[in-house]
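Chains as they are written, first to last, in UniProt numbering: chain A, 1 to 553; chain B, 1 to 553. For each residue, glycine too, the CB sits at the ideal point set by N, CA and C.
Protein chains: 2
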Amino acid sequence: MNAPHPSGPGGWDTRRQGRQRRLERAAAIGLGRLVPAARVVDLLEAVIEPGDRVCLEGNNQKQADFLAESLADCSPERLHDLHMVQSVLALPSHVDLFERGLARRLDFSFSGPQGGRLARLVQDRQIEIGAIHTYLELFGRYFMDLTPKVSLIAAQSADAAGNLYTGPNTEDTPAIVEATAFKGGIVIAQVNELKDSLPRVDVPADWVDFVIVAPRPNYIEPLFTRDPAQITEVQVLMAMMAIKGIYAEYEVKRLNHGIGFDTAAIELLLPTYAADLGLKGKICTHWALNPHPTLIPAIEAGCVESVHSFGSEVGMENYIAARSDVFFTGADGSMRSNRAFSQTAGLYACDMFIGSTLQIDLAGNSSTATLGRITGFGGAPNMGSDPHGRRHASAAWLKAGREAGGANAIRGRKLVVQMVETFREHMAPVFVEQLDAWKLKESMGMDLPPIMIYGDDVSHVVTEEGIANLLLCRTAEEREQAIRGVAGFTPVGMARDRRMVENLRDRGIIRRPEDMGIDPRMASRDLLAARSVKDLVRWSGGLYAPPARFRNW
Amino acid sequence: MNAPHPSGPGGWDTRRQGRQRRLERAAAIGLGRLVPAARVVDLLEAVIEPGDRVCLEGNNQKQADFLAESLADCSPERLHDLHMVQSVLALPSHVDLFERGLARRLDFSFSGPQGGRLARLVQDRQIEIGAIHTYLELFGRYFMDLTPKVSLIAAQSADAAGNLYTGPNTEDTPAIVEATAFKGGIVIAQVNELKDSLPRVDVPADWVDFVIVAPRPNYIEPLFTRDPAQITEVQVLMAMMAIKGIYAEYEVKRLNHGIGFDTAAIELLLPTYAADLGLKGKICTHWALNPHPTLIPAIEAGCVESVHSFGSEVGMENYIAARSDVFFTGADGSMRSNRAFSQTAGLYACDMFIGSTLQIDLAGNSSTATLGRITGFGGAPNMGSDPHGRRHASAAWLKAGREAGGANAIRGRKLVVQMVETFREHMAPVFVEQLDAWKLKESMGMDLPPIMIYGDDVSHVVTEEGIANLLLCRTAEEREQAIRGVAGFTPVGMARDRRMVENLRDRGIIRRPEDMGIDPRMASRDLLAARSVKDLVRWSGGLYAPPARFRNW
């Protein structure tokens, strides 16, 4: 037997010692658990060390924006070569960190509004991108090889002991804090207010090292609010096809909807068109979904049993509190969201994901990556994939599995639906021979093209021309023609083999509105349960309080 | 616009009202937050209602055994038609619930020791099985359509306020409690002791309704302890092949090992054989793994950077506390395990899963289901599947992807390795033409055969005869012959097409020990870093305290 080694280099508790060293530096400059906002830079410079892996909380909703700006205000001579790990790169301050020389490396999931600036930083070699992840994947790495040394998080309020109340926007906080606090890291929370007692405890005090009352409430983006007034009749038609041709046929009860007007239209047809088809209670009863205001009419009509949310949505607080049978809420009445658990439910407990994209190729691969922008994918790759680890059956999953696998199917299949109009804004075709992702791979030096959803995971493509059921395709050629067959007047659609497309239609692989008994002339906005934000407020009995930008009355 | 409905049937807070009603019934019989053990049946009969969905905590380690037995002691006239949701069906009391008429339906993940009794209950129609899940999948459903009304959990200690300390065995508790507490449910915790102050807070008090000090500490099974003395030289040989032929070639740094002597042998070769190959720091640095005692030598030799655990392991407490750089521990020094996060890391942040099975068919499908027993799969299907939602690259993942996808690969691949001797005990062949799972499907009336890992997710099969690399197979026939080619003297192995197998060997799809430069005569137990439990204790510097059954000195 080899001789045991009494200790590793520097001992076996270097992380714990490092943590102690950082806490002592903070104490030495007079900083205790509650840190005045004016001294935030002092705190950050005291507890962060060059080269640290730092997690900055923020997602498509809640942002630890005060801590982000404060970190960007630190001296690059004191703090440099930071490795940032964060769900989204959304705020200007997030990019400032790299431009100002504080941070060097980035692992993240999504960067919507800052995608252009990020691409320029990559080309100027001012940033190293570790990888672009899906949210749940990034959380998993927090417990594996991307564990943060310091995490900067946001909560609604704290008590004197340091317990945190995150309120409806719990979001990513539990995953970040647990990975950091239990591996010798430091957790710093910005809060909107100090309270004598909290409505409930979302994060226990002994997981949190420092609390700072920020000079203004943390930023929250109402990302999931869609004004019904902007839904077009083409979108109504597509929603009718999705409901009749997919939701009803597979009896889809458990699902997630992506963001966008296409799926908002479906939500607004549930209490009208779908109910008229006798589908109430038979479809769309259980959701992994943020509290979309456009789901209010379906909830009020009794179509929805349960909604678990990744985050909250501005203005929905009172409505959620009054609908505790549907939403997950605490004893205080406010929602408890949790992105990690909702993504887990979206992965393993949903029978369908339906969302939109910017480009689809002939194999069904889709991407939202376009030249000159690095955006990432958020939760879509997780929910828009067929989980081979799933073992429980449902009617939808078994039927999809039979269609894909034939008589010898040994498993079911998730339904992954891409719903797009064939042209997007500026008449850019959605269907393309080659995704821009391939050019982005070259220009950004990536290992692989940034594909959002792989074609072999896609079960259906819905366009204004009809539905292509890719599960029933038996060859790559059939698949290509099924996609061309719903690609409308795009060059990809025009290049279809008409005979083969007709054959696919005869076999039910391509279905036109009339094949489903849908008259496109009936696709009227009158079918929408709400046609304006004001209608949504009315449906909610005045409980929904839309942000000012969505009010025109 | 349709008229808004002011409320659903019975209002919008029936769950909250139901919760209030239950709490009032408990109060009416004099029960407060702290319930004496002698009154546990009164409590359960007061707060549970017939037909409730009840979650009983327990996994392959910690068990809420006192609450399980107490529930089984309730009157079936008061409590009946319960729908049990639980990770494992492990204790006799779990089955008693069904035999005594309290519970009717079961959704679970694993039932090792009770598999035979469970199968008989199914055949006698005394139980309805909803589905057999993988752990993470079941947690996902807790937030979707299997949300518990009442959860019975286990913790180490509680304070007077009701805060819980789970200590190293946090395991499934956070997922169960969050789903229950935030959907109008009731959480009842059995604890081993009441404390004035807790070492740390693992579950905040306001998520917990009732605390009971159990008459004896909750049961914990040392499931992941393997005595090195029982490792055979065939297992050493297989471990050498795995290390040299897979770990080294793919540079596998992030991984999970299944339970068993096969992978224990690999763990014990890391500081010896693997280090001699120059692999220290190049493989096996980051783990999603319970604290296997057989990993101690590799940790002590400095081969391991980080381990995140699903649960703890009896006897490893002091060792873990002294190795906080490696394990996730709290400020109190004890581990924080978390099955949901560790499974998430195992799914998305690991490049490899390697484990054993009881049967493998010609397509590579594997199962631990055998006739007359319903066992389930635990975490294996989750970790032993290629997650299509993964988007970050690593050397291992990219190489596996290139092998599987050729020049046009658009994604990487997880390595999923099945490691088996060709015959198991009683000379039962592991390789079979048809899995017993198919017969079990018929006899149990299941929708699909209970397959643990699907063949198309398996990348390699390792036996004493060699390694079959299924990624490189291009047809179903090649795949079948690659499997036959390592199936030894089983009937499946004997029926190989010898010419085709030699061709596969020429192409590197099948590799024998000698093809990897391994001399089977060198496969000696002398290579194991520890050859007994006592050796493990010595490696640990006396910190590892094995349970009595593993001590023979």
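Option in the options with minimal Cα separation from residue i
i	options	result
B:His-224	B:Ile-212, B:Met-241, B:Thr-263, B:Lys-253	The amino acid at residue 224 of chain B is misidentified as His; the sequence shows Phe. It is B:Thr-263.
A:Val-252	A:Ala-349, A:Phe-431, A:Arg-373	A:Ala-349
B:Leu-270	B:Ala-530, B:Arg-538, B:Gly-541, B:Gly-542	B:Ala-530
A:Gln-61	A:Thr-170, A:Gln-17, A:Val-187	A:Thr-170
B:Gln-481	B:Ile-467, B:Leu-471, B:Leu-472, B:Asp-497	B:Asp-497
B:Asp-209	B:Ala-160, B:Gly-245, B:Ile-246	B:Ala-160
B:Met-444	B:Ala-131, B:Gln-156, B:Phe-182, B:Phe-550	B:Ala-131
B:Met-452	B:Asp-325, B:Gly-376, B:Ala-189	B:Gly-376
B:Ile-48	B:Leu-31, B:Arg-78, B:Gly-32	B:Arg-78
B:Val-492	B:Leu-34, B:Leu-504, B:Gly-364, B:Arg-216	B:Gly-364
A:Ala-72	A:Gly-58, A:Ala-393, A:Val-95	A:Val-95
Residue i - DSSP class collapsed to helix/strand/coil
i	result
B:His-5	Residue placement at B:His-5 is poorly supported in this model, since its pLDDT is 47, which falls under 50; the coordinates still yield a value, given next. B:His-5 falls in the coil class under three-state DSSP.
B:Leu-536	helix
A:Glu-221	coil
A:Ala-396	helix
A:Asn-469	strand
A:Asp-526	helix
A:Ala-548	helix
B:Phe-423	strand
B:Ile-518	coil
A:Arg-373	coil
A:Leu-504	helix
B:Leu-358	coil
A:Asn-365	coil
B:Lys-280	strand
B:Val-252	coil
A:Ala-242	helix
A:Thr-329	strand
B:Thr-463	strand
B:Tyr-454	coil
A:Pro-168	coil
Residue span of the alpha helix (DSSP H) that contains residue i, given as start and end
i	result
B:Asn-318	317 to 321
B:Ser-93	92 to 99
B:Ser-342	339 to 348
B:Trp-438	436 to 444
A:Ser-42	Sequence check: residue 42 of chain A is Asp here, not Ser. First-last of the alpha helix (DSSP H) with A:Asp-42: 40 to 47.
Beta-ladder partner(s) of residue i, from DSSP
i	result
B:Glu-69	According to DSSP, which records beta bridges pairwise, B:Glu-69 is partnered with nothing at all.
B:Trp-207	Answer is none; B:Trp-207 lacks a bridge partner.
A:Phe-261	Beta-bridge pairing links A:Phe-261 to no other residue.
B:Ser-306	B:His-286
residue 632 of chain A	Beyond the ends of chain A as shown, which are 1 and 553, falls residue 632 of chain A; an answer cannot be given.
Test item: CB-CB of residue i and residue j under 7 Å
i	j	result
B:Ser-109	B:Leu-118	no
B:Ala-396	B:Asp-351	yes
B:Ala-26	B:Ala-46	yes
A:Glu-313	A:Pro-291	yes
A:Leu-470	A:Arg-484	no
B:Ala-90	B:Tyr-142	no
B:Asp-172	B:Arg-339	yes
B:Lys-280	B:Cys-303	yes
A:Val-461	A:Gln-434	no
A:Ile-176	A:Glu-57	yes
A:Leu-152	A:Leu-67	yes
Unbroken beta strand (DSSP E) run spanning residue i, endpoints
i	result
B:Gly-130	128 to 132
A:Ile-188	186 to 194
A:Phe-139	A:Phe-139 -> not in any beta strand (DSSP E); alpha helix (DSSP H) instead, spanning 135 to 142.
B:Val-416	415 to 419
B:Ser-87	82 to 88
residue 590 of chain B	Since the displayed chain B opens at 1 and closes at 553, residue 590 of chain B lies outside it and no answer follows.
A:Asp-13	Where A:Asp-13 is concerned, there is no enclosing beta strand (DSSP E), given that its DSSP letter is neither H nor E.
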